[in-house]
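Enquirer: Take a look at the following structure, please.
Protein chains in written order, with this note's numbering: chain P, 17 to 341; chain B, 98 to 486.
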């Protein structure tokens, strides 16, 4: 087995690719079950990228394939510009990852577990153990046995293990699992700070709210296939939204709008009315509705566009896909 | 697939620290570095329960046995002989330390070969990008660094007691005999102690002398009777001396294998021999557990191999499968046993495997041992490299 020196080719090769993760036609089968089905994925560098999907969608399998934990049946992939598995050692030299539940040797302390992992990395990794523990907030428990850690603490230790290699790319599979709300907030802030340092974070999760708060871009995966991907703002801008109108006489307002092209989508409530608008509707519609109401003598107190959340959009997309299949 | 555009990804922008790739880091190499070996050693050494069990079996058992003998001899020296000596040494080394050393080493090997997988660390290690082969090979020096000293400590205790608490007189077939006599000197000594020799020493042949051995019915005189059953006539001292010389001549080979304490040469050879077998046990356990991905079943299999199969198959010369029997690593290692130790798996006394065991040349035995090490190491490493993490 030949060893490739990291310093021989790393900087030039790594700098060329704009993508932290790039896959083409990536496929992984377990007998008859296609867990990863021709995935085309492009994760730009320097962002927080969410990999979203329902349970069993193939999120973890894709990550395992990317990291070389299991082999792919077809397709190509690269991490940080290095084709994997050919230059897996180079790619993973600057990649940190936690996959599934973070588990460690329970009879060792958190620090000792990190020493084992640092020993498998470059010598400088051993100097980062303390800083990594500090950063994830478990330095005060670093010398306790891992068997005494809570699930959330083990999760933090997993993140600390990721940081040992000073990674350009972090792949975190369900990092919020087992964390309390404060812990989730800390991890979210840590991810944002990592991204601010220029690192790329790929976050696999089914917690849509967390992903929406943390990530800049997402890919939606269902039944092994990536069905949408892109910046969150762009994806949501293409979805349906509603116009919430708070006015003095909702019934009169509803009657005024009933004769318009939006009449079928108006719902009248005690405090106002709601108009459902299709994806891609021009924002000028809001001004037009406002003008109609004011000219009709209705006092408008508030008029607001409410876009779909990532959660409702995700459900809309996956439900539509499920219905079509 | 619908893909929102991400045609303009942000340019890579890392700080001075993050932009540097690790230098002097050949992590694709199959050679483990010192830190990997050291941390793997730490991981095994910190398994307190396992270490206590290994120490109890490998050091505790012979220590307790020798301590009881020391105390018994101290309190009742006429009833209990000295704690140490040559016979105790050979019995402990061939009867206890050889077998227990293998089992202890195999248990450690099975632990080293499986815990990363069962405790979820294997995945973390693979994600570092380090060669999986290097991850496997790091376990070998780390495990041997534990098992070799462990066996050495137990063996040193046995050696120390057997040398320093050795008997001061050699009791050969119930008779106090000066140790280390030459063939001629032994015969001369026999002639001078004709009655004791004729009455106590084993002899395969006709006895022409009649002596009073003092163990007849009612405490009266009795005679040493030849195997044929013929009762010899009373004899003169000259005849008795001649008879004693014959008996001494026949028994010299057996006598020459009895010593007060083990020689340095024997201790060194025996020490290296049980270390070799312990190392084999560790490597086989490591490979088997890595192959199977668990600890319990491989440990049970290796104990059954050592305690049941090897003793059974070493003694019975079964037609058609004798070459399979020769392939047993325990039997092969027994054939490299230092001269002066009793046979481990039965048969009669003597080095080189003992009489009554399946025969095997030293060359074949070495080939079998090398084969076991290479095959199990290769299988374990192959599974480690190809396994889904």
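Where is the CB? At the ideal position from N, CA and C, for every residue including glycine.
1. Measure the alpha-carbon distance for residue 108 of chain B versus residue 48 of chain P and round it to whole angstroms.
2. How about residue 232 of chain P: is its C-beta nearer than 7 Å to some C-beta of chain B?
3. Does any CB atom of chain B fall closer than 7 Å to the CB of residue 137 of chain P?
4. Quick one: residues in its chain with C-beta nearer than 8 Å to the C-beta of residue 232 of chain P, no 5 flanking neighbours on either side, listed in chain order?
5. Tell me whether residue 343 of chain B is buried or exposed, calling it buried when 16 or more other Cβ atoms sit within 10 Å of its Cβ.
6. Please report the straight-line C-alpha distance between residue 144 of chain P and residue 167 of chain B, rounded to a whole angstrom.
7. What first and last residue would you give for the beta strand (DSSP E) that runs through residue 59 of chain P?
8. Taking the alpha-carbon positions, what's the residue 288 of chain B to residue 309 of chain B distance?
9. Sorted by chain position, which residues of the same chain lie with C-beta nearer than 6 Å to residue 50 of chain P's C-beta, five sequence neighbours on each side aside?
10. May I ask you to report which of helix, strand or coil DSSP gives residue 411 of chain B?
11. In chain P, which residues lie with their C-beta within 9 Å of the C-beta of residue 485 of chain B?
12. So, residue 168 of chain P versus residue 186 of chain P, is the Cβ gap smaller than 7 Å?
13. So that I know if they touch, is there some Cβ in chain P lying closer than 7 Å to that of residue 482 of chain B?
14. Can you tell me which residues form a DSSP beta bridge with residue 44 of chain P?
15. Can you tell which of P/115, P/310, P/148 has its C-alpha closest to the C-alpha of residue 220 of chain P?
16. What does the alpha-carbon distance come out to for the pair residue 450 of chain B and residue 174 of chain B?
17. Relative to chain P, which residues along the stretch 208–220 of chain B have a C-beta separation below 8 Å, given in chain order?
18. Please state whether the Cβ-Cβ distance between residue 209 of chain B and residue 227 of chain B is less than 7 Å.
19. What residue range does the beta strand (DSSP E) around residue 216 of chain P cover?
20. Please list the partners that residue 115 of chain P has in chain B, where partner means a Cβ-to-Cβ separation under 7 Å.
21. Kindly confirm or deny that the stretch 193–209 of chain B and the stretch 371–379 of chain B touch, where touching means at least three C-beta pairs closer than 8 Å.
22. Just to confirm, does residue 294 of chain B get its C-beta within under 6 Å of one of the non-hydrogen atoms of the ligand GDP?
23. Give the interface partners of residue 136 of chain B over in chain P, defined as CB-CB distance under 7 Å, in chain order.
24. From what residue to what residue does the beta strand (DSSP E) around residue 338 of chain B run?
25. For residue 147 of chain P, count neighbouring Cβ atoms within 10 angstroms of its own Cβ and tell me buried if that reaches 16, exposed if not.
26. Which whole-angstrom value is the C-beta distance of residue 301 of chain P and residue 309 of chain P, which I expect to be below 8 Å?
27. Let me know if residue 132 of chain P comes out buried or exposed under the rule of 16 or more other beta-carbons within 10 Å of its beta-carbon.
28. Please state whether DSSP places residue 258 of chain P in a helix, a strand or coil.
29. Output, in chain order, the set of chain P residues within a Cβ distance shorter than 7 Å of residue 140 of chain B.
30. Could you name the residues of the stretch 90–108 of chain P whose beta carbon sits closer than 8 Å to any beta carbon of chain B, in the order they occur along the chain?
31. If I follow the unbroken beta strand (DSSP E) through residue 6 of chain P, where does it start and stop?
32. Quick test of your reading: residue 294 of chain B and residue 335 of chain B, contact by CB under 8 Å. State the CB separation rounded to the nearest angstrom.
33. Pairs of beta-carbons, one from the stretch 134–150 of chain B and one from the stretch 239–251 of chain B, closer than 8 Å: are there three or more?
34. Rounded to whole angstroms, what's the CA-CA distance from residue 281 of chain P to residue 259 of chain P? Just pull it up for me.
35. Residue 455 of chain B touches chain P at which residues, Cβ-Cβ below 7 Å?
36. Where in the stretch 169–244 of chain B do unbroken runs of the alpha helix (DSSP H), each at least 4 residues long, occur, reported from the N-terminal end onward?
Expert: For this structure:
1. Caution applies to residue 108 of chain B, whose pLDDT of 39 falls short of 50 and renders its modelled position unreliable; the value that the coordinates give is listed next. Going from the Cα of residue 108 of chain B to the Cα of residue 48 of chain P covers about 40 Å.
2. By this cut-off, residue 232 of chain P is not an interface position.
3. At a cut-off of 7 Å between beta carbons, residue 137 of chain P contacts chain B.
4. Excluding positions up to five away in sequence, the list reads 63, 64, 65, 211, 247, 248.
5. By the neighbour-count criterion, in which 16 or more other beta carbons inside 10 Å mark a residue as buried, residue 343 of chain B falls on the buried side.
6. Cα to Cα, the separation comes out at about 54 Å.
7. From DSSP, the beta strand (DSSP E) with residue 59 of chain P extends over 49–60.
8. One C-alpha to the other measures close to 16 Å.
9. Within the same chain, residue 50 of chain P has close Cβ partners 240.
10. DSSP, read as helix, strand or coil, puts residue 411 of chain B in helix.
11. Chain P residues near residue 485 of chain B: 80, 85, 86, 87.
12. Result no, Cβ atoms of residue 168 of chain P and residue 186 of chain P do not sit closer than 7 Å.
13. Chain P contact via Cβ: absent.
14. In DSSP, residue 44 of chain P forms a bridge with P/52.
15. Of the listed residues, the one whose Cα sits closest to residue 220 of chain P is P/115.
16. Note that residue 450 of chain B scores 48 on pLDDT, short of 50, meaning its location in the model is unreliable; the coordinates nonetheless yield the value given after this. Looking at the backbone, the Cα of residue 450 of chain B and that of residue 174 of chain B are separated by about 35 Å.
17. Across the stretch 208–220 of chain B, CB contacts with chain P closer than 8 Å involve 212, 216, 217, 218, 220, in sequence order along the chain.
18. Their beta carbons are not under 7 Å apart, which means residue 209 of chain B does not touch residue 227 of chain B by this criterion.
19. Where residue 216 of chain P is concerned, the enclosing beta strand (DSSP E) stretches over 216–221.
20. In chain order: 220.
21. By the Cβ criterion, the stretch 193–209 of chain B is in contact with the stretch 371–379 of chain B, since at least three pairs of Cβ atoms, one from each stretch, lie closer than 8 Å.
22. Judged by which ligands are present, the structure shown has none, so any question about the ligand GDP falls away.
23. Those within 7 Å of residue 136 of chain B in chain P are 131, 132, 135.
24. If you look at residue 338 of chain B, you'll find it isn't in any beta strand (DSSP E); it sits in the alpha helix (DSSP H) that goes 334–352.
25. Counting C-beta atoms within 10 angstroms of its own C-beta, residue 147 of chain P has fewer than 16 neighbours from the protein chains shown and is therefore classed as exposed.
26. Contact doesn't hold; Cβ gap of about 13 Å is too wide.
27. So residue 132 of chain P counts as buried.
28. Residue 258 of chain P carries a strand assignment under DSSP once its states are collapsed to helix, strand and coil.
29. Chain P residues near residue 140 of chain B: 121, 124, 132.
30. Going along the stretch 90–108 of chain P in chain order, one finds 104, 105, 106, 107, 108 with a Cβ nearer than 8 Å to chain B.
31. Residue 6 of chain P falls outside the range modelled here, since chain P spans only 17 to 341, and no answer is possible.
32. So it is not a contact: roughly 15 Å between Cβ atoms.
33. The stretch 134–150 of chain B, when compared against the stretch 239–251 of chain B, does touch it at the 8 Å Cβ threshold.
34. Roughly 10 Å separates the two Cα atoms.
35. Ordered by position in chain P, no residue passes the 7 Å Cβ test against residue 455 of chain B, which lies about 39 Å from the chain.
36. Within the stretch 169–244 of chain B, the alpha helix (DSSP H) runs of at least 4 residues that lie entirely inside it are, in chain order, 183–189, 195–215, 218–224, 229–234.
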